[in-house]
Amino acid sequence: MKRFFGFTFLEVLVVTFIVMLGVTGYVTLQTKFLQSDSQLNLRATAMRLALEKLDDLKMFTQLDTEENINAYNDIVSNGGGDLSSGTVEVQVSSDDSNTYSFQRSWDVINQYYIDTDDDGVEDTWYSEGNENLPEDLPVYAPQKAIVVTVSWTDYQGESQSVSVSGSIAPVTQSNSYHAVNQSDSAATEPQVEYDPGDAPDVIAYDLGNGEAVETSKPVPEIDNRGLNNVVEFETVRYTTNNVDETKVEQEDFLTVNCECVLAGTGQGKTPAMNVLLDDAMTTESGSFVSKTIGEVDGNGQAALCEECCRDHHDTDDMVTNETYYRLEDGGPHKHYKYSGGSYSLASSTGDQYDEVCRFKRINGFFETYIDWTLLEVVEFDDEYLFDSDNLDAYQAYVIDLMEADIQGNSYPTKPAGRDLTVATGGHQLISRGIYLDRMKSSHLSAVQDLISASDTSWQAITPFYDVNLTLLAQWSTDDNSVATITNEDIETIVDPVNDFYGTYSRGRLNALADGTVTVSSFANPYNSGITGTTAISSDENDNLITEDSMTVTVDTGASATNYYGIVGDISCLVTIAGVTDSCELNNSKKSGYVDLSELDIDVSPANFSCTVTVPKGNSTPFYSCEDVSENWTGTITFNFAPSGYTTQLSIQYPDSSVSVSDSYSLATGLTATSTSEYNLIIELSQ
4 MKRFFGFTFL EVLVVTFIVM LGVTGYVTLQ TKFLQSDSQL NLRATAMRLA LEKLDDLKMF
64 TQLDTEENIN AYNDIVSNGG GDLSSGTVEV QVSSDDSNTY SFQRSWDVIN QYYIDTDDDG
124 VEDTWYSEGN ENLPEDLPVY APQKAIVVTV SWTDYQGESQ SVSVSGSIAP VTQSNSYHAV
184 NQSDSAATEP QVEYDPGDAP DVIAYDLGNG EAVETSKPVP EIDNRGLNNV VEFETVRYTT
244 NNVDETKVEQ EDFLTVNCEC VLAGTGQGKT PAMNVLLDDA MTTESGSFVS KTIGEVDGNG
304 QAALCEECCR DHHDTDDMVT NETYYRLEDG GPHKHYKYSG GSYSLASSTG DQYDEVCRFK
364 RINGFFETYI DWTLLEVVEF DDEYLFDSDN LDAYQAYVID LMEADIQGNS YPTKPAGRDL
424 TVATGGHQLI SRGIYLDRMK SSHLSAVQDL ISASDTSWQA ITPFYDVNLT LLAQWSTDDN
484 SVATITNEDI ETIVDPVNDF YGTYSRGRLN ALADGTVTVS SFANPYNSGI TGTTAISSDE
544 NDNLITEDSM TVTVDTGASA TNYYGIVGDI SCLVTIAGVT DSCELNNSKK SGYVDLSELD
604 IDVSPANFSC TVTVPKGNST PFYSCEDVSE NWTGTITFNF APSGYTTQLS IQYPDSSVSV
664 SDSYSLATGL TATSTSEYNL IIELSQ
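Numbering (this note's numbering), first residue to last: 4 to 689.
Here it is as C-alpha cells:
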C-alpha cells in the first residue's frame, strides 16, 4: 500500500480557523489599545482647552466695558476674553484631516466679601442673588467664580466632559504681571502689619535673618465630611524689628484623605515644593507628565479629591528628578486598600485604594504638594509652655532636632520637666508634631553648608512646621485603672438628636486613682498623620512616630478617706435665625462666639471646687471637680446666662437621658472618679 505524506483538506481548514481566531483577537486587542490611547488624548485635549479659556479670561486690560477691549466687567457666563464659547475644532493627530469637535462653555458667578457680624471686618463670601447681600454693592465684584466645561462625544458615542474651576479678582493684566514679575527697581511692595500669636497657643521661631515664622492659628481647622477629613492651617513669616511686625509671606496648607480607584495611564501633575532660588526659598509648581492616574471612587467626596486621586502617583523619572511625592523602599510609592487589618496592593485599572494628599495654595489655587514628613512628637500639659524657661527649652529643642536630621546625626533629648503629678479629675494634654519638608539635593547641601559654618540663617531657607496635633494624634495610657485618656473619633458635625455637638475629645487625661502611668501620643509619619486617619500603607504604619516619654502620677493624698473626681463634657449649641451650629468658643471676633469663662459652678455643700477647661479648636470643653470625698453627697449647679441670648441648660445623665435643668445631685457618694457621666448641654438662641 502506498503511503501519502502531507495535510488533508480538513487539517488545513482547522489550522486556518485557528490562525483567523488569533489574528482577530490581536486586531481586537490592538483596537482596544488604540481606543484607550485616543480617549486619554481626547481628555487631555479637553483639559487643555478648559485651562486655556480660564487663562484667557484673566487677560483683561481694564475694568469697565469698552468696545474691542477685554474688560473685567465683560466676564460673564459664556462671555469675556478672546476665545468664544461653542464648538472648538482640534487637530488630535499629525494627520491634518484628523480633527475632533469639542464644546466649550463657562459659568460665571459674581461674589462679594461681606461683614456678617457688624464688627467692621468682612468675613464671608456670598454669591450674587444671596438674600444676605446688602442693597449697595461695589461696581466691580470683588471676585468672579468661574467654572469652564469642555464636553465631547467619544469614539464609542458616549458623552464626556471635564471642568476646571477658578476665580478672578478685579486686577488688570498689567498690574497682576508686575505683582508676579516685579523687578528690583519697581515700586515698593505694600506693607501688611501682622500681630503675632502668643505662646503656648502659637509658637514662633527666629529664623536668624531678622524674620520669624509661626502657625497663625492655635490648632488646624478640622472638618469631617463623612468619608473625608479636611485639615487646614497656615504659617506666616514676618519681620521682627522690635518696633512692629510686617507680614512677609503666608503659606496656606490643606490635607485631605480620599477613596480612589486606579484609572490607567494619563496626565497627572508632579508635586509643587519649596526650592532654593537665588539664596531664597520659593515655591515651584508641579507640571503635567504621563503616568498612572486615579479617579475618585464614589460620590460625595471633597472636591480636591479629584486632583488628589489623579496626581498623587510617582514614576522613576520623578524620583530621578527629585520631583516625587513620597518614596517607598527607595522607589515610587505604591497604593493600597486597607481592610480587615491588612493592606491589599492596587496594581490594575479599577483597583480601589486609599489616598491622602497635601495641598498648598499657589497663586490663589490649591496644588498638590510633596508629602508631610514628621520627625518627632512632643507631649506636655496645657500649661507647660506658659513657663518662659520651658518655652525657650522647647524652641531650642525643635531647632536642634531639625539640625540633627539635616546633618544625619542622632536626635536630641526632649525637653525636661514635662512629667506631671495631678489629683483625680480631668487634665488636658497637648501633642505637637515637628515636620521637616524634603529638599532637593542642592537645596539640602546649601542648608548643610550654613549649619557647618554656624550661620543661623539656615533656618530661613529650611521648610519646617510646628503643628498642634492634639486633635489628630492617637492617645493611650499604659494603665487604665490609674488614668485613661480620651481618643474619640474625629466628628465635627452638629446633630444633637444623635449626640453630635460639633466637637470631640482627644488628649484629655482622666485621673482615676493613685498610681503612675506612661502617656503615649502617636501619629503616622506622612500625610495621614495630619488628617488623623488610618495609615495608607504598611510602610507608613511601620514607621509610626510614638511619644511615650511623659509620665503622670495620680496622687489623692494618703488618707483613710478616698478622694475622686467628677469630669463632665460641655456641649454648646447656638441657634441664630433658625440655623443651629456649634458655639465658637475660641475666636472672640467670630459670629456666635461664646465666652465659657463666664460659666460659674456652685457646689453645695462646698467641700471642693470645679474648673472649666476650653481647649483649642473642635476639642470638647469640660468641667473638672477635684478632691471629691467618697462621703460627699450634694448638688452641683451651673450658672450661665450670656447677654443677647435666650439660654437653656440641660444635664445628660449616665443612662444618656437628658433633662432640662441647671443642676444635678448625687444622693450617694462616689466609688470611683466619674468621667463623662454628668454632662452639661448649653443651648443658646436669638
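Glycine is no exception: its CB is placed at the ideal position from the N, C-alpha and C atoms.
Length of the line joining the Cα atoms of residue i and residue j
i	j	result
C308	V167	14 Å
V93	L52	9 Å
Q451	M284	15 Å
V570	T676	8 Å
G568	Y241	45 Å
L209	E224	According to the sequence shown, residue 209 is Asp rather than Leu. About 25 Å.
D317	Q270	12 Å
Y29	Y158	Confidence is the limiting factor: at Y29 the pLDDT is only 43, short of 50, which leaves the residue's position unreliable, though a coordinate-based value still follows. Computed Cα separation, rounded: 20 Å.
Y143	V174	10 Å
F105	N530	38 Å
D605	I639	6 Å
V381	D201	19 Å
G229	Q304	8 Å
I149	E310	18 Å
H315	S88	32 Å
R46	K272	15 Å
A407	S413	6 Å
E217	G82	43 Å
E587	Q689	15 Å
T649	V663	14 Å
M62	L54	13 Å
T424	I409	36 Å
L673	N565	9 Å
L140	N133	12 Å
S562	V522	26 Å
Same chain, Cβ closer than 8 Å to residue i, five either side skipped, listed in chain order
i	result
L547	F525, A526, N527, P528 and A538
D403	P415
S164	A49, T152, V153, S154 and W155
D332	D542
Residue burial classification, residue i (beta-carbon count within 10 angstroms, cutoff 16)
i	result
T119	exposed
F625	buried
V661	exposed
S445	exposed
Y468	buried
S627	buried
A215	buried
N471	buried
P137	exposed
L265	buried
T2	With the chain covering only 4 through 689, there is no way to say anything about residue 2.
E601	exposed
I1	No answer is possible for residue 1: it lies beyond the span of the chain, which begins at 4 and ends at 689.
G560	exposed
L280	exposed
E248	buried
Own chain partners of residue i with C-beta closer than 6 Å, once the 5 adjacent residues on each side are dropped
i	result
N642	D603
P608	G637
V222	N471, K619 and G620
Y681	G571 and Y667
A172	Q146
Option nearest residue i by Cα separation, candidates the options
i	options	result
S130	A516, E69 and K147	K147
G637	N589, S646, S666 and Q655	S666
D422	T640, K443 and D385	D385
Y372	L348, R441, G301 and I454	R441
V359	D201, Y328, V381 and E217	Y328
Q65	L57, N76 and K250	N76
E686	L673, G672, D139 and L652	L652
N544	E161, Y346, A172 and G132	Y346
P657	T678, T671, D110 and S646	T678
Cutoff 7 Å; reference residue i; Cβ partners in own chain excluding five residues on either side
i	result
L43	Unreliable placement is indicated for L43, whose pLDDT of 43 sits below 50; no coordinate value is reported for it.
G367	S170
D374	Y328, R329, R361, Y529 and N530
A486	T480, L512, N513, A514, L515, V520, V555 and V557
Any non-hydrogen atom of the ligand COA closer than 8 Å to residue i Cβ
i	result
E370	Among the components of this structure there are no ligands whatsoever, and the ligand COA is therefore not found.
Min CB distance residue i to chain D below 9 Å
i	result
D545	Going by chain labels, chain D is absent from the structure shown, which holds only one protein chain.
Three-pair Cβ contact test at 8 Å for the segment 427-443 versus the segment 627-636:
yes
On the three-pair Cβ rule with 8 Å, is the segment 103-122 touching the segment 67-76?
no
Please determine if the segment 540-557 and the segment 584-593 are in contact, where contact requires at least 3 C-beta pairs separated by less than 8 Å.
no
Do the segment 253-260 and the segment 336-355 touch if we need at least three Cβ pairs shorter than 8 Å?
no
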